[in-house]
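Novice: Residues 5 to 269, numbered by the numbering used here, are exactly what the sequence shown covers, in order. Can you keep this structure in mind? I'll have questions shortly.
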Amino acid sequence: MSTAIRASSILPGRRDDIELHTADGLRLVGELALPADRPPVATLVCLHPLPTHGGMMDSHVFRKAAWRLPALADLAVLRFNTRGTSSMRGTSEGAFDGAVGERYDVAAAIEYAEFAELPNIWLVGWSFGTDLALKYGCDPAIAGAILLSPPLRFSAPEDLATWAASGRPLTALVPEFDDYLRPAEARERFAAVPQAEVVGVPGAKHLWVGDAETVLDEIVRRVNPAVEVPLPTTWDGPMEAGDVSAYADRTVASFADTPVPQPGD
């Protein structure tokens, strides 16, 4: 009997806690989710929203990706907390560094994916994470990048020029009602990258609340085009339920006016 896939649904997969080790000596906590009984065909390395305002490896789109896409789309999903960021998985060492020291965090995640021999590695950045992808993610090991709600706040024109020169695919999913960069302006800004694809998402906002399924479909469409989208909304098989209540107060916009307290604050 088929069961509806809900926000808390965890589909079958292999999920292991992992640690990343940066070149400047920090230990970052994370998780690697894999298909339950077959190798993945592609890999998502997730770069989360601004940690000072609630962003973390469990931000809802990435949590749903890890809980669903190994089963629905044969994808590996690597999530981690950047320096100084906390979630239920734990707290990564170090302190938020305004997209400077985070270059080592991105490098450590890519290195881990390479060492684990994960296939077809794509970066998926969200908000602050899109700036990290643009600044530090144009690496020979990376097949391409998908940007969710890119604000283009920390990244610079030279970062776009690097991506343009690489020829690697770059897709920006831009909410119609984004707080920071809307589709028309995004098309102007990303025109510096000839291969960039800007997809305006009607009705969506920066946080993608109510639109996570659309985001997952668009990611899968590019990373594993052999999978039919839209993805199923029901599952015929075993399913667990995850605890999402711990994050009710952290579903807030990156760059919101009021920072979200971190554990220990």
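Note that CB positions come from ideal geometry on N, CA and C, so glycine has one too. Quick caveat, the model's predicted, so the values are computed rather than measured.
1) How big is the Cα-Cα spacing for F66 and G59?
2) Considering only residues of the same chain and omitting the five flanking positions on each side of I14, which have a CB-CB separation below 6 Å?
3) What is the residue span of the alpha helix (DSSP H) that G133 lies within?
4) How many angstroms separate the CA atom of P55 from the CA atom of L32?
5) Alpha carbons only, please: which of G141, D109 and L220 is nearest the one belonging to E97?
6) Can you tell me where the alpha helix (DSSP H) holding R72 begins and where it ends?
7) DSSP puts W126 in a beta bridge; with which residues?
8) Going by beta-carbon coordinates alone, are T237 and A8 separated by less than 8 Å?
9) Once DSSP output is grouped into helix, strand and coil, what is the label at F194?
10) If you reduce the DSSP assignment to three classes, tell me which class A112 lands in.
11) Is it buried or exposed, D163, if we count other Cβ atoms within 10 angstroms and call 16 or more buried?
12) Terminal residues of the continuous alpha helix (DSSP H) containing D163?
Specialist: Straight from the coordinates:
1) As the crow flies, the alpha-carbon of F66 is around 11 Å from that of G59.
2) Once the five neighbours on either side are set aside, the close Cβ partners of I14 are W71, E244 and G246.
3) Start and end: F132 to Y140.
4) Approximately 14 Å between the Cα atoms of the pair.
5) It is D109.
6) H64 to A77 is the span of the alpha helix (DSSP H), which, as asked, contains R72.
7) Residue pairing by DSSP places W126 opposite L48 and G148 in a beta bridge.
8) Contact annotation: T237 and A8 have beta-carbon atoms nearer than 8 Å.
9) Helix at F194.
10) In the structure shown, the three-state DSSP call for A112 is helix.
11) D163 comes out buried.
12) Here the alpha helix (DSSP H) through D163 covers P161 to S170.
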